[in-house]
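Chemist: This is the structure I want to talk about, given as structure tokens.
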Amino acid sequence: MNEFDLKKIAIESGALSVACIDLSDPDFIKALEQHGEEQANWLAQGFGADMDYLQRMLKDKVDLQETFPGAKSAVVITFTNKWGMPEAEHPFPAVAEDALVGYISGYAKEQDYHRTGHGVLTSIHNGLQAQLGEFEAFAAVDTKPVFERFLAAYAGLGIIGPNDLLRTPERDVRVFIGTLFCTEKIIELRLKPEFAFPCHFCRACEKRGCPTGAIKEGQEFDSRLCISYLTIEKKGLLNSEQRDLMEDWLFGCDWCSVVCPPKEKEDNRIAVDLEWLMKSSAGEIRRLIKGSAVEYAGVQKLRRNAIAILRKSQDPRAQELLEWCADNMQSNLLLQQITCD
Ligand code: B12
Ligand code: SF4
Ligand code: SF4
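Listed below in structure tokens is the structure:
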């Protein structure tokens, strides 16, 4: 296997870029352990909010031989799901101009990126086996305990920007990361990403990207303040402070990615009619979001977030819709979200 063949297989499988790490390299093992310590420190400071799985998976992310038995090489890729592209599609019904709306992040358009990434990695595995013979491999796209941004940055697919995202020469930060842990030794391939300008000449994501302070100059990323965390991961009720932070987002947030690179971008959000979201049957919405990244949050969380948005609205129709919800909703969480502090 040479560099050219690996790149050819990966690109033909749908990856944007590829690199490969030798998992037995002592420098890599040391860097991984150090990253584990840094993440433990980050979690100890509370920056991981209540995402307990980050703590639970920490050991498995460092001990790769235990997690992926027999793995010798990690093929790391970036890929996209038309994130940020004007032609990207979504299943939500069109919204009337004067409707009460909430927004879904543009990265959730098209098929769920976890599924897209697994497809690309399976195809790469097949391509490698065609050349090297059969071997076992484990694919991960946010689906197994892996320090994805660390691996991608270590392999040279990009750099970590002030927005905490992998910035790449191919598509800036609007890429996802996938890794294929192979029990066969593949060629070691580390890249040197080159950019037209360094992040410190720009800092747009830091200066005019994040509205909440989750990204702040000289400070570590704080999930507790991140709209993406509040709308997707946060369990239970949203208190008034959290409701104020989350603007009118129903799922995810685009502000720190849409400014990269720093020029005006099209609005890629998905507008959702809040009356439709509250009054349609849960089954219908579930069917609609099946196979999209939004499915991870589920209907109840989308509705909880919608209530949080409605409570901040000055529009009298928002109050009417909340009253309708109070009369018609069965879920205790949603009923409490209508009145909680
Ligand atoms: C938990 C999680 C979240 C949390 C926490 C986010 C965070 N910044 O940590 C929440 C819910 C907030 C979130 C939001 C989003 N997420 Co998210 N998320 C994850 C997940 C599952 C784990 C990340 C994690 O462990 N964080 C904890 C930090 C401490 O650990 P870390 O990633 O290892 O790296 C940190 C440092 O060590 C340092 N670092 C890492 N490597 C290196 C290397 C060098 C050289 C240096 C100097 C520093 C450095 O940078 C980080 C600083 O805090 C990953 C998938 C995965 N398994 O990795 C996706 C992932 C990071 N998310 C992703 C995406 C797309 C998003 C959103 C854009 C979605 C959206 N539109 O709403 C937002 C962006 C918010 C943001 N600016 O980070 C993508 C990012 C792709 C990219 N281009 O980087 C990932 C990689 C999923 C994927 N497979 O593609 N996410
Ligand atoms: S917005 Fe600017 S500073 Fe932020 S990651 Fe992109 S290029 Fe770097
Ligand atoms: S996703 Fe939104 S809230 Fe979170 S860091 Fe980026 S801009 Fe800030």
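Heads up: the sequence shown begins at 785 in the working numbering, then just goes up one per residue.
Ideal Cβ positions, reconstructed from N, Cα and C, are used throughout, including at glycine.
For Y887, write down the residues that DSSP places opposite it in a beta bridge.
Modeler: Counting from 1 along the sequence shown, the entry for residue 887 is found at position 103. The partner list for Y887 (beta bridge, DSSP) reads W1033 and A1055.
Chemist: Helix, strand or coil for L1021, going by three-state DSSP, please let me know.
Modeler: What you label residue 1021 is simply residue 237 of the sequence shown in a count that begins at 1. Residue state, collapsed to three classes: coil.
Chemist: Determine the direct distance from the alpha carbon of V802 to that of T864, and round the result to whole angstroms.
Modeler: For the purposes of this step, residue 864 is identified with residue 80 of the sequence shown, where counting begins at 1. For the purposes of this step, residue 802 is identified with residue 18 of the sequence shown, where counting begins at 1. The straight-line gap from Cα to Cα measures roughly 13 angstroms.
Chemist: How close, in whole Å, do the beta carbons of V1083 and A1055 come, if the pair is a contact with beta carbons under 8 angstroms?
Modeler: As a first step, residue 1083 must be located in the sequence shown, where it is residue number 299. As a first step, residue 1055 must be located in the sequence shown, where it is residue number 271. About 18 angstroms separates the two Cβ atoms, so there is no contact after all.
Chemist: Counting only runs that start and end within the stretch 843-869, where is the alpha helix (DSSP H) found for 4 or more residues in a row?
Modeler: List check, alpha helix (DSSP H) in window: 848-851.
Chemist: Would you call the stretch 876-896 in contact with the stretch 1015-1034, where contact means no fewer than 3 C-beta pairs closer than 8 angstroms?
Modeler: Segments in contact, yes.
Chemist: Once the 5 residues before and after V1181 are set aside, which same chain residues still bring their CB inside 7 angstroms of it?
Modeler: Nothing can be reported for residue 1181: it is not among the residues displayed for the chain, which extend from 785 to 1125.
Chemist: Is V1042 near ligand 2 - that is, is its Cβ less than 7 angstroms away from at least one heavy atom of it?
Modeler: As a first step, residue 1042 must be located in the sequence shown, where it is residue number 258. No, the beta carbon of V1042 sits no closer than 7 angstroms to any heavy atom of ligand 2.
Chemist: Assuming A926 is part of the beta strand (DSSP E), what are its boundary residues?
Modeler: Locating residue 926 in the sequence shown gives position 142, counting from the first residue. According to the sequence provided, residue 926 is Asp. The question's Ala does not apply to it. Taken as a continuous stretch (DSSP letters only), D926 belongs to no beta strand (DSSP E), as it is neither H nor E.
Chemist: D1057 to S1064, Cα distance in whole Å?
Modeler: By 1-based counting over the sequence shown, the position of residue 1057 is 273. By 1-based counting over the sequence shown, the position of residue 1064 is 280. For D1057 and S1064, the distance between alpha carbons rounds to 11 angstroms.
Chemist: State the Cα-Cα distance for the pair V925 and K1049, rounded to the nearest angstrom.
Modeler: Position 141 of the sequence shown, counted from the start, is the residue given in the question as residue 925. Position 265 of the sequence shown, counted from the start, is the residue given in the question as residue 1049. Those two C-alpha atoms are separated by around 27 angstroms.
Chemist: Mark Y837 as exposed unless 16 or more other C-beta atoms lie within 10 angstroms of its C-beta, in which case mark it buried.
Modeler: For the purposes of this step, residue 837 is taken as the residue at position 53 of the sequence shown. When all chains shown are included, Y837 counts as exposed.
Chemist: Counting C-beta neighbours from all protein chains within 10 Å, is the total for R840 16 or more, i.e. buried, or is it exposed?
Modeler: The residue given as residue 840 occupies position 56 in the sequence shown. That one is exposed.
Chemist: What's the C-alpha gap between A824 and L1021?
Modeler: Reading the sequence shown from its first residue, position 40 is the one you call residue 824. Reading the sequence shown from its first residue, position 237 is the one you call residue 1021. One C-alpha to the other measures close to 27 angstroms.
Chemist: Near A937, what residues of its chain come up, given a Cβ to Cβ distance below 7 angstroms and the 5 sequence neighbours on each side ignored?
Modeler: Position 153 of the sequence shown, counting from 1, holds the residue named residue 937. Within the same chain, A937 has close Cβ partners I943, I944 and L950.
Chemist: Report the rounded CA-to-CA distance for Q818 versus D1111, giving the unit in angstroms.
Modeler: What you label residue 818 is simply residue 34 of the sequence shown in a count that begins at 1. What you label residue 1111 is simply residue 327 of the sequence shown in a count that begins at 1. When rounded, the distance between both Cα atoms is 54 angstroms.
Chemist: Using C-beta distances below 6 angstroms, list every residue in its chain close to F876, excluding the 5 sequence neighbours before and after it, in chain order.
Modeler: To locate residue 876, count along the sequence shown from 1; it is residue 92. These residues qualify, in order along the chain: I1054 and V1056.
Chemist: Exposed or buried, D1099, counting other C-beta atoms within 10 Å across all chains shown (16 or more means buried)?
Modeler: Stepping through the sequence shown from its first residue, residue 1099 is reached at position 315. D1099 should be labelled exposed.
Chemist: Between the C-alpha atoms of E873 and S1076, what's the straight-line distance to the nearest angstrom?
Modeler: The sequence position of residue 873 within the sequence shown is 89, counting from 1. The sequence position of residue 1076 within the sequence shown is 292, counting from 1. Each residue's alpha carbon lies about 11 angstroms from the other.
Chemist: Under the rule that 16 or more other beta-carbon atoms within 10 Å means buried, what is Q1121, buried or exposed?
Modeler: Taking the sequence shown and counting its residues from 1, the one referred to as residue 1121 is at position 337. Classification of Q1121: buried, given that the 10 Å Cβ count is 16 or more.
Chemist: Helix, strand or coil: how does DSSP classify A803 here?
Modeler: Residue 803 sits at position 19 when you count from the first residue of the sequence shown. In this structure, A803 counts as strand in the three-state DSSP scheme.
Chemist: Give me, in chain order, the residues of the same chain whose beta-carbon lies closer than 7 angstroms to that of G820; leave out the 5 immediate sequence neighbours on both sides.
Modeler: Reading the sequence shown from its first residue, position 36 is the one you call residue 820. Cβ neighbours of G820 beyond the five flanking positions: L842, K845 and V846.
Chemist: Answer with buried or exposed for F981, where buried requires no fewer than 16 other C-beta atoms within 10 angstroms of its C-beta.
Modeler: To locate residue 981, count along the sequence shown from 1; it is residue 197. Classification for F981: exposed.
Chemist: Can you determine whether any heavy atom of ligand 2 sits closer than 7 angstroms to the C-beta of N947, and answer yes or no?
Modeler: Numbered from its first residue, the sequence shown carries residue 947 at position 163. Yes, the Cβ of N947 comes within 7 angstroms of a heavy atom of ligand 2.
Chemist: Applying the criterion that 16 or more other CB atoms from any shown protein chain within 10 Å of the CB defines a buried residue, is N1089 buried or exposed?
Modeler: As a working mapping, residue 1089 is identified with position 305 in the sequence shown. With 16 or more other Cβ atoms within 10 Å, it is buried.
Chemist: In three-state DSSP terms, what is F812?
Modeler: Along the sequence shown, one-based indexing puts residue 812 at 28. Correct three-state label for F812: helix.
Chemist: Is it the case that the CB of I1011 approaches a heavy atom of ligand 3 more closely than 7 angstroms?
Modeler: Indexing the sequence shown from 1 puts residue 1011 at position 227. I1011: yes, Cβ under 7 angstroms from ligand 3.
Chemist: For a quick check, are the C-beta atoms of L905 and K856 less than 8 angstroms apart?
Modeler: To locate residue 905, count along the sequence shown from 1; it is residue 121. To locate residue 856, count along the sequence shown from 1; it is residue 72. Contact flag unset, no.
Chemist: When you compare only the Cα positions, how much space is there between L941 and I861?
Modeler: Indexing the sequence shown from 1 puts residue 941 at position 157. Indexing the sequence shown from 1 puts residue 861 at position 77. Each residue's alpha carbon lies about 8 angstroms from the other.
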